[in-house]
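Engineer:
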Amino acid sequence: MTLLSLPLELLIRTFTHLSISSIHALSCTNKFLRNAIAESIELRALEKCIRHSAEFHPASCLSLDENLRYLEVTESRWASGVPRCAVNVPLPGKVSGIYDLCGGNYVLGDSTRRTLYSLSTRHPGLPEWKRIDVNREVVDLGLSIYEHDLVAYVTLDRQGPKTNLILFFAEYSTGLPHPQARESTVLVETYTPHDAVPFRAPSVGIEIVGEYLVLLVLNNDTGNPLAPGGPMDTFCVLEWKTGKEMLVSDFLLYVL
111 MTLLSLPLEL LIRTFTHLSI SSIHALSCTN KFLRNAIAES IELRALEKCI RHSAEFHPAS
171 CLSLDENLRY LEVTESRWAS GVPRCAVNVP LPGKVSGIYD LCGGNYVLGD STRRTLYSLS
231 TRHPGLPEWK RIDVNREVVD LGLSIYEHDL VAYVTLDRQG PKTNLILFFA EYSTGLPHPQ
291 ARESTVLVET YTPHDAVPFR APSVGIEIVG EYLVLLVLNN DTGNPLAPGG PMDTFCVLEW
351 KTGKEMLVSD FLLYVL
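Those letters in the sequence shown? Residues 111 to 366, per my numbering, in order.
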């Protein structure tokens, strides 16, 4: 049995384990292999992904051919600097510095920090703002829409003289507590004000990757972090579905 006597599907699947340079060298050996490699969507997709350091999402509802064409068009526009479209959409009102962008969805917080507005580019026609009433004082938020339909809010809950910093996990599509989260709220920090030092919200950074959430809390602006019992800055990694802390590190970051 010779190499060329194997079924074409088996040949293509075998070639996907080769490097791109080896596939190119193989295509130069004879006309049959050259045509088979050139006409294989699977090998073309493999080459494009390696060349552009891309990866097709395993949960994508698009076919391999559609993913390949989308990648080619996207990379061509990145190279030329030409956007797919340009649309002017008026702001929904007074806004804050809270925003995030994920999966073709742009989320923007208003000046009260209790209401958000989302804008989707995935629907035909002129995009329209969708109002999301959080009814919590939002400090920052993180999104994982494509994978988990998840929005994680970092919120402040003021209880008399104390203020709690809380993570709240919700479905992006409904605004309800996320069904995959064992606990929809997680207490991050409790602040007790010091004498003559007014409380100010901490600076927060949040990112979600798969089942992990990374949270950075900088407390320099919350009052006097050097006072006895004052809050330290915190970096933590947790599984948002279980609430399990994978890594917690307290430190003090200040600028002279």
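Note that the Cβ used here is the ideal one computed from N, Cα and C, for glycine as well.
Buried or exposed: tryptophan 350, going by 16 or more other Cβ atoms within 10 Å of its Cβ?
Structural biologist: The count along the sequence shown starts at 1 and reaches residue 350 at position 240. Buried.
Engineer: Measuring CA to CA, which of Gly235, Glu152, Gly203 is closest to threonine 222?
Structural biologist: Counted from its first residue, the sequence shown places residue 222 at position 112. Among Gly235, Glu152, Gly203, the Cα nearest to that of threonine 222 is on Gly203.
Engineer: My guess is that leucine 253 and aspartate 210 are in contact by the Cβ rule of under 8 angstroms, so how many angstroms apart are they, rounded?
Structural biologist: As a first step, residue 253 must be located in the sequence shown, where it is residue number 143. As a first step, residue 210 must be located in the sequence shown, where it is residue number 100. Going by Cβ atoms, the distance from leucine 253 to aspartate 210 rounds to 5 angstroms, so yes, they are a contact pair.
Engineer: Going straight from the alpha carbon of valine 261 to that of valine 217, what length do you get?
Structural biologist: Locating residue 261 in the sequence shown gives position 151, counting from the first residue. Locating residue 217 in the sequence shown gives position 107, counting from the first residue. If you take the alpha carbons of valine 261 and valine 217, they lie about 10 angstroms apart.
Engineer: Under 8 angstroms, with one C-beta from each stretch per pair, do the segment 136 to 143 and the segment 161 to 174 reach the 3-pair mark?
Structural biologist: Too few Cβ pairs lie closer than 8 angstroms, so no.
Engineer: Does DSSP put leucine 253 in a helix, in a strand, or in coil?
Structural biologist: Indexing the sequence shown from 1 puts residue 253 at position 143. Leucine 253 falls in the strand class under three-state DSSP.
Engineer: Near aspartate 259, which residues of its chain fall below 7 angstroms by C-beta distance, leaving aside the five closest residues on each side in sequence?
Structural biologist: Against the sequence shown, residue 259 aligns to sequence position 149. Same-chain partners within the cutoff: Glu281, Tyr282, Ser283.
Engineer: On a Cα-Cα basis, can you pick out the residue from Pro200, His162, Asp360, Ser206 that is closest to glutamate 185?
Structural biologist: By 1-based counting over the sequence shown, the position of residue 185 is 75. Out of Pro200, His162, Asp360, Ser206, His162 has the C-alpha closest to the C-alpha of glutamate 185.
Engineer: If you check the beta carbons only, do leucine 275 and threonine 295 fall under 9 angstroms apart?
Structural biologist: Stepping through the sequence shown from its first residue, residue 275 is reached at position 165. Stepping through the sequence shown from its first residue, residue 295 is reached at position 185. No.
Engineer: Using beta carbons (cut-off 9 angstroms, strictly below), is serine 137 in contact with chain B?
Structural biologist: The structure shown contains no chain B, having only a single protein chain.
Engineer: Please list the terminal residues of the continuous beta strand (DSSP E) segment that includes alanine 291.
Structural biologist: Your numbering for residue 291 matches position 181 in the sequence shown. Taken as a continuous stretch (DSSP letters only), alanine 291 belongs to no beta strand (DSSP E), as it is neither H nor E.
Engineer: Which residue from Ala146, Leu266, Asn215 puts its Cα closest to that of arginine 224?
Structural biologist: As a first step, residue 224 must be located in the sequence shown, where it is residue number 114. For arginine 224, the nearest C-alpha among the options comes from Leu266.
Engineer: Evaluate asparagine 198 with the Cβ neighbour count: other Cβ atoms within 10 Å of its Cβ, from every protein chain shown; 16 or more gives buried, anything less gives exposed.
Structural biologist: One-based indexing of the sequence shown puts residue 198 at position 88. It counts as exposed.
Engineer: Does the distance from the CB of aspartate 120 to the CB of alanine 146 come in under 9 angstroms?
Structural biologist: As a working note, residue 120 is residue 10 in the sequence shown. As a working note, residue 146 is residue 36 in the sequence shown. The question names aspartate, but residue 120 is leucine in the sequence shown. Contact: no.
Engineer: Return the Cβ separation of leucine 181 and lysine 158 in integer angstroms, given the expectation that the two are a contact with Cβ distance under 8 angstroms.
Structural biologist: Within the sequence shown, residue 181 is the residue found at index 71, counting from 1. Within the sequence shown, residue 158 is the residue found at index 48, counting from 1. Sure, about 6 angstroms apart at Cβ, within 8 angstroms.
Engineer: From the DSSP output, read off the bridge partner residues of aspartate 243.
Structural biologist: The sequence position of residue 243 within the sequence shown is 133, counting from 1. Looking at the DSSP assignment, aspartate 243 forms a beta bridge with Thr225.
Engineer: Determine the direct distance from the alpha carbon of phenylalanine 345 to that of alanine 311, and round the result to whole angstroms.
Structural biologist: As a first step, residue 311 is located in the sequence shown; it is residue number 201 there, counting from the start. As a first step, residue 345 is located in the sequence shown; it is residue number 235 there, counting from the start. Whole-angstrom Cα-Cα distance: 16 angstroms.
Engineer: Measuring alpha carbon to alpha carbon, tell me which residue in Pro237, Leu143, Pro289, Ala155 is nearest leucine 174.
Structural biologist: Within the sequence shown, residue 174 is the residue found at index 64, counting from 1. The option with the nearest alpha carbon to leucine 174 is Ala155.
Engineer: Counting along the chain, where does the alpha helix (DSSP H) carrying glutamate 176 start and finish?
Structural biologist: Taking the sequence shown and counting its residues from 1, one reaches residue 176 at position 66. Counting along the chain, the alpha helix (DSSP H) containing glutamate 176 begins and ends at 174 to 190.
Engineer: Per DSSP, what kind of secondary structure is serine 170 in: helix, strand or coil?
Structural biologist: Within the sequence shown, residue 170 is the residue found at index 60, counting from 1. Reduced to three states, the DSSP call for serine 170 is coil.
Engineer: Quick check on this structure: which residue in Thr302, Glu293, Ile318 has the alpha carbon closest to the alpha carbon of proline 271?
Structural biologist: Here residue 271 corresponds to residue number 161 of the sequence shown, with the count starting at 1. The residue with the shortest Cα to Cα distance from proline 271 is Thr302.
Engineer: What's the C-alpha gap between tyrosine 263 and aspartate 250?
Structural biologist: Reading the sequence shown from its first residue, position 153 is the one you call residue 263. Reading the sequence shown from its first residue, position 140 is the one you call residue 250. The straight-line gap from Cα to Cα measures roughly 6 angstroms.
Engineer: In the DSSP assignment, the beta strand (DSSP E) including asparagine 215 goes from what residue to what residue?
Structural biologist: Taking the first residue of the sequence shown as 1, we reach residue 215 at position 105. Unbroken beta strand (DSSP E) run through asparagine 215: 215 to 220.
Engineer: When DSSP labels each residue in this structure, what does glutamate 152 get in the three-state scheme?
Structural biologist: By one-based count along the sequence shown, residue 152 stands at place 42. Note: glutamate 152 maps to helix in three-state DSSP.
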